[in-house]
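For reference, the structure discussed in these notes is given below.
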Amino acid sequence: MLQIHLLSKFSVTIDDRDVTGLEASKAQETLAYLLIHRQRPHSREVLIDQIWGDYTKDQAQKGLRQALWQLQNALHGQDSNLHTGLLQVDTTWVQISVTSQFWLDIAVLEECYERVQGIRGQLLTADQAAAVTDAVQLYQGDLLETCYQDWCLIERERLQHIDLSLLDKLMEYEETQGNYEKACAYGEQILRHDRAREQTHRRLMRLYCLAGDRTAALRQYEACVVALATELAVKPAKQTEALYQAIKADTLAYPSPAASPTPPSATPTSLPSLLNHLQQVQVALADLQRNVAQDIQLLESLLSPSR
38 MLQIHLLSKF
48 SVTIDDRDVT
58 GLEASKAQET
68 LAYLLIHRQR
78 PHSREVLIDQ
88 IWGDYTKDQA
98 QKGLRQALWQ
108 LQNALHGQDS
118 NLHTGLLQVD
128 TTWVQISVTS
138 QFWLDIAVLE
148 ECYERVQGIR
158 GQLLTADQAA
168 AVTDAVQLYQ
178 GDLLETCYQD
188 WCLIERERLQ
198 HIDLSLLDKL
208 MEYEETQGNY
218 EKACAYGEQI
228 LRHDRAREQT
238 HRRLMRLYCL
248 AGDRTAALRQ
258 YEACVVALAT
268 ELAVKPAKQT
278 EALYQAIKAD
288 TLAYPSPAAS
298 PTPPSATPTS
308 LPSLLNHLQQ
318 VQVALADLQR
328 NVAQDIQLLE
338 SLLSPSR
């Protein structure tokens with residue numbers, strides 16, 4: 038079985054054996070571009086423009102011919118056991134064969150995202166959560182980490198958004214299941230990719246409190262302040278500040294599944310609790326609105342014509 042990894046370190050294997058002859062960066066970039074846009078054929082002119090844009094015409098044409106030769110020699114070699122039928126190449130067009138069978142890490146990530154798109158993390162089934170967990174484990178690094186071509190930067194950002202969206206869902210799912218440590222681990226993973234993601238800081242603050250670690254929650258707020266100031270030169274939003282004040286004053290309301298819901302008392306002593314509850318609702322609504330906006334933005338990018 039042909040397996041191709043484009044995330045983190047580029048690698049191609051057939052039946053667990055490394056395919057050699059693909060060490061050249063342009064051969065890797067050409068294969069990656071074709072795989073990312075595997076649903077359609079590409080003219081040689083488009084490949085030259087995308088991958089050899091800074092070269093002269095003669096240099097670019099020679100570079101493409103060399104890259105295609107390297108790919109064909111490695112993937113369609115003399116050994117019939119290694120014949121993959123992956124590429125279809127003629128004098129004008131190049132494409133991934135629609136009949137070829139292969140495993141591709143980014144395809145797993147994309148297909149998983151499509152299956153759970155629009156489903157909140159708390160509503161995932163156990164099977165869906167397991168599939169998402171398997172998908173995000175493939176994301177050990179960014180797309181072709183040594184490539185800085187414009188097309189690659191765009192695709193890298195798109196895949197980062199997909200990964201972060203899936204991690205968001207897992208974080209919410211594990212919180213719903215009461216697995217606060219797992220949820221926190223996913224939150225920390227998100228912040229390693231985007232340390233200024235304020236909604237994740239808020240979730241972690243709440244999760245640390247649910248796990249009984251108020252000190253960690255307060256420190257998470259401090260980390261949020263530093264990240265926002267350093268990367269965006271802004272202060273935390275009102276929702277974040279309200280959550281911090283509730284944690285600091287030790288007035289944060291904790292969910293109790295065993296407790297029966299009772300209407301709030303009209304006595305003055307219930308007003309602080311009511312205020313705290315409404316502040317938490319405000320935070321949750323803001324997070325939901327932000328999640329929906331991010332999903333809309335990602336969907337628009339997926340539907341827009343590829344460069």
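The sequence shown begins at 38 in the numbering used here and counts up by one. For every residue, glycine included, the Cβ atom is placed at its ideal position computed from N, Cα and C. These figures come from a predicted structure and were not determined experimentally.
Same chain, Cβ closer than 7 Å to residue i, five either side skipped, listed in chain order
i, result
"Arg75", "Ile133"
"Cys261", "Glu235, His238, Pro273 and Thr277"
"Ala64", "Ala104, Gln107 and Leu108"
"Ile85", "Ala97, Gln98 and Leu101"
"Lys219", "Glu211"
"Tyr150", "Ile199, Ser202 and Leu203"
"Gln177", "Leu44 and Ser45"
DSSP beta-bridge partners of residue i
i, result
"Arg54", "Ile51"
"Ile133", "Leu124"
"Leu180", "Leu44"
"His198", "For His198, which the question treats as bridged, DSSP gives no partner whatsoever."
"His79", "Val131"
Own chain residues within Cβ distance below 8 Å of residue i, not counting five before or after
i, result
"Pro305", "Low confidence applies here, because Pro305 scores a pLDDT of 43, under 50, leaving its location unreliable and the question unanswered by this model."
"Asp55", "Ser48 and Val49"
"Arg234", "Leu201, Ile227 and Leu228"
"Gln109", "Leu124 and Val126"
"Trp140", "Met38, Leu39, Gln40 and Ile41"
"Tyr281", "Met242, Leu255, Tyr258 and Pro273"
Beta strand (DSSP E) segment containing residue i, residue limits
i, result
"His42", "Leu39 to His42"
"Leu28", "Residue 28 lies beyond the range of the chain shown here (38 to 344); nothing can be said about it."
"Leu141", "Phe139 to Leu141"
Proximity to residue i [Cα-Cα], best of the options
i, options, result
"Asp287", "Ala69, Met242 and Leu204", "Met242"
"Leu180", "Gln174, Glu148 and Ile191", "Ile191"
"Gln276", "Arg251, Arg240, Ala270 and Gly249", "Arg240"
"Leu44", "Gln125, Trp89, Glu194 and Leu255", "Glu194"
"His198", "Ala248, Asp231 and Leu59", "Asp231"
"Thr170", "Ser202, Asp52, Glu60 and Arg81", "Ser202"
"Ala37", "Glu211, Thr237, Gln107 and Ser62", "Outside the displayed range of the chain (38 to 344) lies residue 37, so it cannot be described from this structure."
"Leu146", "Lys99, Gln174 and Leu269", "Gln174"
"Ile143", "Tyr223, Leu59, Ala330 and Leu72", "Leu72"
"Ser80", "Asp91, Glu225, Gly122 and Leu105", "Leu105"
"Tyr258", "Leu269, Lys285 and Leu141", "Lys285"
"Asp164", "Leu280, Leu207, Asp91 and Ser137", "Leu207"
"Cys189", "Lys219, Leu68, Val320 and Gln326", "Leu68"
"Leu315", "Ile333, Ala279 and Ala330", "Ala279"
"Ala168", "Lys94, Arg152 and Gly224", "Arg152"
"Val329", "Thr267, Ala172, Glu225 and Gly155", "Gly155"
"Leu148", "Tyr92, Ala172, Gln319 and Thr136", "Checking the sequence, you will find Glu at residue 148 rather than Leu. Among Tyr92, Ala172, Gln319 and Thr136, the Cα nearest to that of Glu148 is on Ala172."
"Arg327", "Ala111, Asp205 and Ala270", "Asp205"
"Thr136", "Ala222, Gly122 and Tyr70", "Gly122"
"Thr128", "Ala111, Asp187, Tyr92 and Glu82", "Glu82"
N-terminal and C-terminal residue of the alpha helix (DSSP H) that residue i is part of
i, result
"Leu244", "Glu235 to Leu247"
"Cys221", "Tyr217 to His230"
"Glu268", "Arg251 to Leu269"
"Trp89", "Here Trp89 belongs to no alpha helix (DSSP H), and DSSP marks it neither H nor E."
"Lys272", "Here Lys272 belongs to no alpha helix (DSSP H), and DSSP marks it neither H nor E."
"Leu175", "Premise fails: Leu175 is in no alpha helix (DSSP H) and is neither H nor E."
"Glu60", "Unbroken run through Glu60: none, as it is neither H nor E."
Residues near residue i by beta carbon distance below 6 Å, same chain, minus five either side
i, result
"Ala264", "Arg232 and Ala233"
"Pro300", "Per-residue confidence for Pro300 stands at a pLDDT of 39, beneath the threshold of 50, marking its modelled position as unreliable; the derived number appears in the next sentence. Excluding positions up to five away in sequence, the list is empty."
"Cys184", "Glu66"
"Leu289", "Cys246 and Ala283"
"Val131", "His79"
"Trp89", "Ala97 and Gly100"
"Arg77", "none"
"Lys46", "none"
"Thr57", "none"
Practice task
Could you tell me whether the segment 205-214 touches the segment 250-268, where touching means 3 or more Cβ pairs closer than 8 Å?
Solution key: no
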